[in-house]
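Chemist:
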Amino acid sequence: MAATTRERGEPRIPLAVVDAPTQRFYAAAVFVGVQAWKWTRIVALHWLHKAPVRGLGRSIEPTTLFSALLLDFALCYGIYWLAIPPRAPAVGAGVAAPPPTRRRGRRWYVVVFLLLAVLDVLSILQREALVRIATLTPGPAVWSVGERRVRLDHVVEPRAHIAGQHTVHIVPYGTARIDTSVSGTCMCLDERVREVHIPIVLNQTSPPVSLTYSITDPATGHVTRHTIKHPKTSVYTKLADAEPDVPHGAKTLSLAERRRARRAARGAADVRDPVTVHYLRLEHTGLVRLESVLDRQSQAAHIVSEAITLVECPRASFVSAASDYCVGDEAQWQVMLHGTPPLTLTYAHARGERSLVHHTPGAPATIALDVPAAGAHALQLRHVRDVCGNVAYLNETSTAYVHAQAQVHWDAKQCVPGRPLKLLRTSDGLSLRVAVEMDESWDDKWDVEYVHRRDDRETVHTMRPLSRGTHAIHVRETGVYTLQSAASPHCVGRVSAPWTCEVVDVPPPRASIHFESIDDACAGTVGVKALSDLEGEPPFRLVYETQRDGAPTRHERIVRDQTRDELEFWPSTEGRVTYRFLELHDANYAHVPLDGPSFTHVAHPLATASFVGAERDHDAVVSSCGEPSVQADVAFTGHGPYTLEYAIRGAGAKEPVLHTLSHITESRATLAITLPPGHDAGRATVSLLSLRDGRGCVRRLATRDLRIDVRPPTAAVSFAAPWNVTLQEHEPAVLPLRLRGAPPWTVAYTRDGVVNGTVTLHDANEALTVHEPGTYTLTGVRDAHCSGQVVQDDTAQVVMRPRPQARFVGEAPTGIVALPPVCVHTPLEATIALQGHPPVHVKVQRTLLTDQGDTRVYAQTLASSEAHVSLPLGTRVPGTYMYHIMGTSDAYYADARPDTKALEYRVWPQPQAAWAPATPARRSACLGDTWAQAPTLQLRGTPPFRVDIEARPVHTEGHADAMRFTHTVHGTQWAVALPAPFQVPGTWEVRVLRVEDAHCRQDGTQPPPVVVDVVESAGVVAPTTREHYCVGERMDFVLQGTPPWTVTYTFDGATSRVTSRRAEFWRMADRPGVLRVLGAAHRTNACRQTHAPLERIVHALPSAHISAGQHHIESLHEGAQTEIVFQLRGEPPFSFTYQRTEPADTHARPRVLETHTVEAWHANEYRVPTSQEGTWSVVWMQDQWCQVSLGQVSGPAQWP
């Protein structure tokens, strides 16, 4: 029931206790009273900068954003929770009012709370923050004079015209001291730091006129005083000493406000209570004290007793560069240190960083390090520190080079134990190779010592200098060479195996040779035998010569694995022969000369005889070719005359038939051999039995026999069949033959009974190959043994096949078939006549010389089985076309000779029309007139031209008829002139319908139409008579006529044209000058009214600067006076308002202490003397024409 009552809108306080109007009255009173108290406190604290409430009331003040929102929420929710019934709306009689519900009013409380929350946020934020946010919000960009897009907040910036502040602080008398917080009480001097700057801090002291300091020599105690007149000072800042001066009540500020307050306090601490510094520049060591400081009022500053000591800066350097070492040595560096002892030197090397303490400045310190590995070992000096703590950072490095040991030995491939090297007596010596091996990163030079031992004698030799690699030692003596040692300037090397190399003597080879003759019982000496004994290393090679009749012949004899040899000489001809041995070669020596021996004798060789043509492995063969006898040649050697005995043995004979031939005196004789009777076929053999020479000596012969093939002749030749061969050019014709007999065959033939020829064939089925047409006749044949005969079918006919041909059909008196000219894209074709075996292929080349001078070449191939073929001709591109037949081929010929005739014709281009490039697509014209500047129509083709033009209305204000006309143009350009003016305003189109030249006509695509806007006259008027404006103001004008307009104006001599589609024209004045509106026209300025220019003068905003626009902060001693200088710019008279606030550098929200207004001031400078503390600034000013305000809108001046 309770929930139902709440939904029905029953109030928390029953109406029986307090009626509804009374509840509404008290609720409204509480709501208004609480909001009034809240806004009173917010305005007092945030806008009037009054002090906040102290004590318990501060915790419930609604001056923070959180407390204000919490109060609004509690107030709205409390009234909503009471469920006070609203006033009932008026209803008609007899109509019941709807029952009130809580849901109906819930959304109104939410809306009220949101509105209060927005007001709280806007009111509690600082006014300056709201102004900054508003200025940062990008506003709409507008057009200014000169046609630039600008924003009003960028054009009018009050902070740029009213700028600068002058802050005065009242300070007490100051002190002076030496500042040791940065450099300490000890500083150093050396060659790099020849001068130090000691800061003298002056606090609350005006610029001093004198400063006195003293320097005490620490060694002698002598004190020297120095005085500086008018020392130069600068602002001294040290943020650590600045305490932020947060104003009372800062806890109620927002987080951003607290940060700004602290930054302002820090900035003020830098310059509050003038703290300056003077730097003493000293170049000598000693104890420095500040004695006295006097300011310009001759008042002495209080001196804080502090002193600073100047000593020599520590330094260290290497005395000498580190030298080279060997592996295992100890490297040492000498370092010289200077400064105030004890000195601590820190150095670093490969093993880490170490320190060295040195107590004797000026004496060198030694740093020793072990270097077990080869390479470069660097020692770097890092820094040195003296007793005062002065540190000198060093960047000096010294490197010790540790060299690796080399390993020396003889070349293992050359010097092998047990295999001594051979030293030939004919050579200039041997080259022994010694290898020096070491790390590749080093290239030291080494001295290598070796010992030569021979016959109990030792000789020591030294090779120097040797680098890494293999080196050669030239030796000329035998013995044992032993490597003794190796050393470099830094290390001792090692000698490894093989360290010995043996060299032995090798004598040259020798030969012992003696001759023995070979005798025959009948003929005497028939040959010579040479026996040789050889000394040396085999294999041997003996070089000898034989001389007969004064012509020596050189020979060689190779003896491989023995030292004894026997060589026999058998001369084949009789006469005097000399044998002489010349040279001997063995494995070590070559061309060792031999002094003989030689042997001469008169040779009487035994006579011999053999058949000519017989070889060692086969007999001589002849054929009888059906004859009863044959002939054979026999070759003889020896002393004639000869008597030859030979025997003939037939295939069926039981006994051979002996024959004798005597009195043979020549070395070659022909035997006429008669075959045995009855021997018609088969084989007969002739054997040489014995030969008697002229001395009567008889020699039995065992030479090869003569074999006689007894057979009739079988060689024959004929064509395989009657042949009629068709021959193609440059191709051979093959005529098959039929051959009988023993290969090879030699065939003779004639061509056309005139040309004779022979050919040798090796196969019975081989063919005769010919290359020329004609009638070929076989005339003879011979096989390997006998001549044969030509049988039937001895003739063959060879015919040449003609090549294909192609030519253009048409008359060609000059060699060119000329076709009449045509227009572009006109169908055209030519006919080509063909000859050949189909299909016939024709390769055609088209050459096009365009009207632009370009040459285009195109090739195509046609194929046809007919006698004529049609060739489509190109007409797509204007120009001169020429067709050539480049080649013809058919079924037999791949490429025939081309035809020399050509086809030529001319293709004319279609005329074309185009508007000139500078012609705009849209033009304007005045009503009752044609266009002021006629567009130019460019024509391309052959004059004269006929051009059809149409001007038709598109969108007009009344009825209008189209205009059509034709014009003849004798040139290539035509300024289109309309025959009648435009009588109806609106939009018209002028287009080209057709173009025709002397050859062709163009009915297709034409240039786009030109749109013409026919308009009435336009004008511009001013809505006000005001002439003077300020920068940042808007200047308005009214346009007359039909849109769009082209407005022409000048500003400071620069002319601008603007297109406007609205009947108003205005521009923002973003800079001073004179604006003159010359007039308005419709787009092209052709239809315009003539009137005097409308002139507006734009004045610059005035400016007021304090301290040249900067924030000048000045500190005054109590009782002193200064002036506040205001600099005014603009056109006098001036009026401005300035105020004095609390110092702006120490207060986040300074309170205004006084405000003054100066009126009708005619000078550009205004001075205010003062001895009060505060910040002076300008908040408003105006000159004769304009005014500028930091809090209000700037604009025209307002004078009474």
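First residue of the sequence shown? That's 1 in UniProt numbering, and the numbers climb one at a time after it. Quick reminder that beta carbons are idealized off the backbone N, C-alpha and C, glycines included. Owing to the predicted nature of the structure, the values given are computational and were not obtained by experimental measurement.
Apply the 10 Å Cβ neighbour rule to T1048 and answer buried if 16 or more other Cβ atoms are within range, or exposed otherwise.
Modeler: Buried.
Chemist: Going by the beta-carbon positions, is the gap between V277 and S234 smaller than 9 Å?
Modeler: Against a cut-off of 9 Å, the Cβ pair of S234 and V277 comes out as a contact.
Chemist: Is the beta carbon of F1037 sitting closer than 9 Å to the one on G1073?
Modeler: Cβ distance not < 9 Å, so F1037 and G1073 don't count as in contact.
Chemist: Quick check on the DSSP output: the beta strand (DSSP E) that includes Y642 runs from which residue to which?
Modeler: First-last of the beta strand (DSSP E) with Y642: 642-649.
Chemist: Compute the Euclidean distance between the alpha carbons of S323 and Y401, then round it to the nearest angstrom.
Modeler: Going by the C-alpha atoms only, they are around 7 Å apart.
Chemist: Secondary structure at T22, three-state DSSP: helix, strand or coil?
Modeler: If DSSP states are grouped into helix, strand and coil, T22 belongs with the helices.
Chemist: Looking at the strands, I want to know which residues DSSP matches up with N395.
Modeler: Partner(s): none; N395 has no beta bridge.
Chemist: For Q484, verify whether its CB is less than 8 Å away from any heavy atom of the ligand COA.
Modeler: The ligand COA is absent from the structure shown, which contains no ligands of any kind.
Chemist: Is P736 helix, strand or coil by DSSP?
Modeler: The answer is strand: DSSP assigns P736 an E or B state.
Chemist: What are the boundary residues of the beta strand (DSSP E) that P465 is part of?
Modeler: Per DSSP, P465 belongs to the beta strand (DSSP E) from 457-466.
Chemist: Three or more C-beta pairs under 8 Å: does that hold for the region 412-430 against the region 219-230?
Modeler: The region 412-430, when compared against the region 219-230, does not touch it at the 8 Å Cβ threshold.
Chemist: Within this structure, are the beta carbons of R782 and T746 separated by less than 9 Å?
Modeler: Contact flag set, yes.
Chemist: Going by CA-CA distance only, name the one from F1134, I1106, A1120, G1130 that's closest to R1140.
Modeler: The residue with the shortest Cα to Cα distance from R1140 is I1106.
Chemist: What separation, rounded to the nearest whole angstrom, lies between the Cα atoms of T573 and T795?
Modeler: About 56 Å.
Chemist: Could you check how far apart the C-beta atoms of A951 and V990 are, in whole angstroms? I think they sit under 8 Å.
Modeler: With a Cβ gap of about 5 Å, A951 and V990 count as contacting.
Chemist: Apart from the five residues on each side of it in sequence, which residues of its chain come closer than 7 Å, Cβ to Cβ, to R803?
Modeler: Excluding residues within five positions, the ones whose Cβ falls inside 7 Å are E729, Y893, A896, R897.
Chemist: Compare the beta carbon distance of P821 and V734 with 9 Å and say whether it is the shorter of the two.
Modeler: Going by C-beta atoms, P821 is not nearer than 9 Å to V734.
Chemist: Decide if P1200 is buried, meaning its Cβ has at least 16 other Cβ atoms within 10 Å, or exposed.
Modeler: Classification for P1200: exposed.
Chemist: Check whether the region 431-447 and the region 406-421 are in contact - that is, three or more C-beta pairs closer than 8 Å.
Modeler: With a cut-off of 8 Å, the region 406-421 and the region 431-447 count as touching, because enough Cβ pairs lie within range.
Chemist: DSSP has R1076 in a bridge; who is on the other side?
Modeler: Beta-bridge pairing links R1076 to T1050, E1095.
Chemist: Where do the N-terminal and C-terminal ends of the alpha helix (DSSP H) with H1162 fall, by residue?
Modeler: H1162 -> no alpha helix (DSSP H), and no H or E assigned at all.
Chemist: DSSP three-state label for H452, please.
Modeler: Reduced to three states, the DSSP call for H452 is strand.
Chemist: Check the DSSP bridge columns for M1181 and list the partner residues they point to.
Modeler: The partner list for M1181 (beta bridge, DSSP) reads F1136, V1188.
Chemist: Does the region 159-173 touch the region 279-293, meaning 3 or more C-beta pairs lie closer than 8 Å?
Modeler: Flag = no, the region 279-293 and the region 159-173 do not touch.
Chemist: Quick check on the DSSP output: the beta strand (DSSP E) that includes P199 runs from which residue to which?
Modeler: Looking at the DSSP string, the run of the beta strand (DSSP E) that includes P199 is 196-203.
Chemist: Ignoring anything shorter than 3 residues or poking outside the region 808-869, list the beta strand (DSSP E) runs there in chain order.
Modeler: Qualifying beta strand (DSSP E) stretches, in chain order: 816-818, 829-835, 840-850, 855-864.
Chemist: Please report the distance separating the alpha-carbon of F808 from that of L862.
Modeler: The alpha-carbon atoms of F808 and L862 are separated by roughly 13 Å.
Chemist: The beta strand (DSSP E) that contains Y883, what's its start and end?
Modeler: Note, Y883: beta strand (DSSP E), 879-889.
Chemist: Measuring only the C-alpha atoms, how far is K901 from A833?
Modeler: Roughly 12 Å separates the two Cα atoms.
Chemist: Using C-beta distances below 8 Å, list every residue in its chain close to T758, excluding the 5 sequence neighbours before and after it, in chain order.
Modeler: For T758, where only same-chain residues beyond five positions count, the Cβ hits under 8 Å are T746, V747, A748, Y749.
Chemist: Do you know offhand how far V95's Cα is from W108's?
Modeler: Interpretation of V95 is limited by its pLDDT of 36, a score under 50 that renders its predicted location unreliable; no figure is taken from the coordinates.
Chemist: When the Cα of T726 is compared with those of V698, G774, T714, which residue comes out closest?
Modeler: The residue with the shortest Cα to Cα distance from T726 is G774.
Chemist: Report the option in C926, L584, L483, E516 whose CA atom is closest to the CA atom of C501.
Modeler: If we check each option's Cα against that of C501, L483 comes out closest.
Chemist: Measure the alpha-carbon distance for R385 versus P314 and round it to whole angstroms.
Modeler: So the two alpha carbons sit approximately 6 Å from each other.
Chemist: If you run the structure through DSSP and keep just helix, strand and coil, what is S1017?
Modeler: Of the three classes helix, strand and coil, the one that applies to S1017 here is coil, per DSSP.
Chemist: Output the distance between the C-alpha atoms of P1143 and I198, rounded to the nearest integer angstrom.
Modeler: Between P1143 and I198, the C-alpha separation is close to 33 Å.
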